[in-house]
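In terms of my numbering, the sequence shown opens at residue 11 and continues consecutively. The C-beta atom is built at its ideal place from N, Cα and C for all residues, glycine as well. Quick caveat, the model's predicted, so the values are computed rather than measured.
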Amino acid sequence: MTRLTEELIKDVPSKVNSLDEELIEKIGMDMREFACYSMGVKKKDIVFEDYSVAIVPVTSGQGVIGGFSASVAAAAESLGMHSFVTRSCDVMGISEAFSSAADIIFMADDDRFIALNTRTRSFADNIWATAKGYVTALSLADGGLKGKRVLVIGAGRVGSEAVRILMKEGASVEVTDIIPRRAEDLQRRHKGVKARPNVDDAISDNRLILNASPGLISGKLIQKGAVISSPGVPYAFDEEGEKRAKVIIHDVLSLGVAVMAAASVSLSLFNIPAAGVVAERLVIE
Ligand code: PYL
Numbered sequence: 011m012t013r014l015t016e017e018l019i020k021d022v023p024s025k026v027n028s029l030d031e032e033l034i035e036k037i038g039m040d041m042r043e044f045a046c047y048s049m050g051v052k053k054k055d056i057v058f059e060d061y062s063v064a065i066v067p068v069t070s071g072q073g074v075i076g077g078f079s080a081s082v083a084a085a086a087e088s089l090g091m092h093s094f095v096t097r098s099c100d101v102m103g104i105s106e107a108f109s110s111a112a113d114i115i116f117m118a119d120d121d122r123f124i125a126l127n128t129r130t131r132s133f134a135d136n137i138w139a140t141a142k143g144y145v146t147a148l149s150l151a152d153g154g155l156k157g158k159r160v161l162v163i164g165a166g167r168v169g170s171e172a173v174r175i176l177m178k179e180g181a182s183v184e185v186t187d188i189i190p191r192r193a194e195d196l197q198r199r200h201k202g203v204k205a206r207p208n209v210d211d212a213i214s215d216n217r218l219i220l221n222a223s224p225g226l227i228s229g230k231l232i233q234k235g236a237v238i239s240s241p242g243v244p245y246a247f248d249e250e251g252e253k254r255a256k257v258i259i260h261d262v263l264s265l266g267v268a269v270m271a272a273a274s275v276s277l278s279l280f281n282i283p284a285a286g287v288v289a290e291r292l293v294i295e
């Protein structure tokens with residue numbers, strides 16, 4: 011998964027509201043309703059205003075990304091949650107979050123980004139939430155995916171999770187990656203998935219696309235009327251691609267955070283103690 015940079019996320023806080031309007035236009039619901047929908051609950055079922063959210067900057071590995079915690083806080087706040095970034099980082103920050111009685115704690119190191127529910131000990135993982143969110147958005151944008159062919163570009167952690175979720179949705183899945191072996195691995199792991207060795211041919215052959223790769227995609231490859239859900243960072247499409255596609259759904263961080271927020275809350279609604287939603291497999295500790 012691409013490591014975010016200060017440059018890539020600098021507009022997230024100012025864009026959260028315009029993202030709502032964009033989502034309404036593309037999938038018929040705002041982020042709050044979408045986050046609930048992606049978890050199979052109604053918008054009225056989750057009162058986001060009831061939850062306080064702490065974001066703890068983590069200095070391990072390559073360290074803090076300027077603006078990352080503030081961007082997560084802005085995304086949570088746009089759902090109605092009361093969010094704050096802890097003054098301290100790491101363990102001190104976690105203790106500050108607990109002393110402030112935060113219901114949900116968001117924190118990310120270089121490998122994992124989770125939303126931990128301090129009441130139920132359930133947690134949501136960003137890889138799963140991003141895959142789940144963008145598959146759900148693709149489904150909403152095209153009126154369902156059952157029996158339809160969908161191409162996943164990128165067999166990394168988000169792309170692999172998206173393949174698994176798409177299979178569960180009853181889609182017929184093709185997968186392509188610049189490293190053909192990674193697509194072939196998914197073909198072996200998931201009965202019925204078809205690995206496409208040639209990335210360009212795969213893109214040209216498919217109207218429905220979930221792009222989970224960091225690469226730029228030439229608009230000349232995009233089918234007229236294509237419906238594209240694209241968690242891939244940085245944004246992959248040129249003017250030609252935007253002209254040809256019917257819709258392209260993309261954002262850098264907020265959509266995944268919104269699904270994490272809904273997941274970490276809705277599991278407590280289901281009152282499943284000590285459960286983590288890692289990839290829709292409830293991890294009962
Ligand atoms: C969670 C993002 C989504 C895409 N790539 C993932 C990434 O960049 N992970 C690293 C996040 C590091 C955050 C840093 C901080 O500011 O707390 N430890």
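Please report the residue range of the beta strand (DSSP E) in which residue i lies.
i           : result
residue 161 : 159-163
residue 94  : 92-95
residue 184 : 182-186
residue 125 : 123-127
Taking residue i as the reference, give the member of the options with the closest Cα.
i           : options               : result
residue 100 : 12, 83, 162 and 79    : 79
residue 156 : 85, 133 and 182       : 182
residue 84  : 28, 146, 211 and 222  : 28
residue 205 : 192, 153, 214 and 216 : 192
residue 12  : 41, 117 and 140       : 140
residue 75  : 123, 41 and 57        : 123
residue 20  : 38, 41, 77 and 53     : 77
residue 37  : 159, 222, 226 and 152 : 152
Quick one: give me the first and last residue of the alpha helix (DSSP H) that residue i is part of.
i           : result
residue 70  : Neither: residue 70 is in no alpha helix (DSSP H) and is coded neither H nor E.
residue 85  : 78-88
residue 170 : 167-178
residue 218 : Segment 218-221 is the beta strand (DSSP E) holding residue 218; no alpha helix (DSSP H) there.
residue 118 : Premise fails: residue 118 lies in the beta strand (DSSP E), 114-118, not in any alpha helix (DSSP H).
residue 58  : Where residue 58 is concerned, there is no enclosing alpha helix (DSSP H), given that its DSSP letter is neither H nor E.
residue 100 : 100-109
residue 135 : Not the alpha helix (DSSP H): residue 135 falls in the beta strand (DSSP E), residues 133-135.
residue 231 : Here residue 231 belongs to no alpha helix (DSSP H), and DSSP marks it neither H nor E.
residue 155 : No alpha helix (DSSP H) holds residue 155; DSSP gives it neither H nor E.
Please confirm if residue i has its CB atom under 7 Å from at least one CB of chain D.
i           : result
residue 250 : Within the model displayed, chain D is absent; a lone protein chain is all it includes.
contact_flag[the stretch 21-41, the stretch 247-264] where n(CB pairs < 8 Å) is 3 or more: yes
Stretch pair the stretch 103-118 + the stretch 138-156: three plus CB contacts closer than 8 Å: no
contact_flag[the stretch 85-93, the stretch 54-67] where n(CB pairs < 8 Å) is 3 or more: yes
Cβ pair count under 8 Å reaching 3, the stretch 186-194 against the stretch 158-167: With the cut-off at 8 Å, the stretch 186-194 and the stretch 158-167 touch.
At least three beta-carbon pairs within less than 8 Å, the stretch 267-277 to the stretch 42-53: yes
The stretch 205-217 in contact with the stretch 166-181 per 3-pair CB rule at 8 Å: no
Any alpha helix (DSSP H) of 4 or more consecutive residues that is wholly inside the stretch 233-280: 249-254 and 264-279
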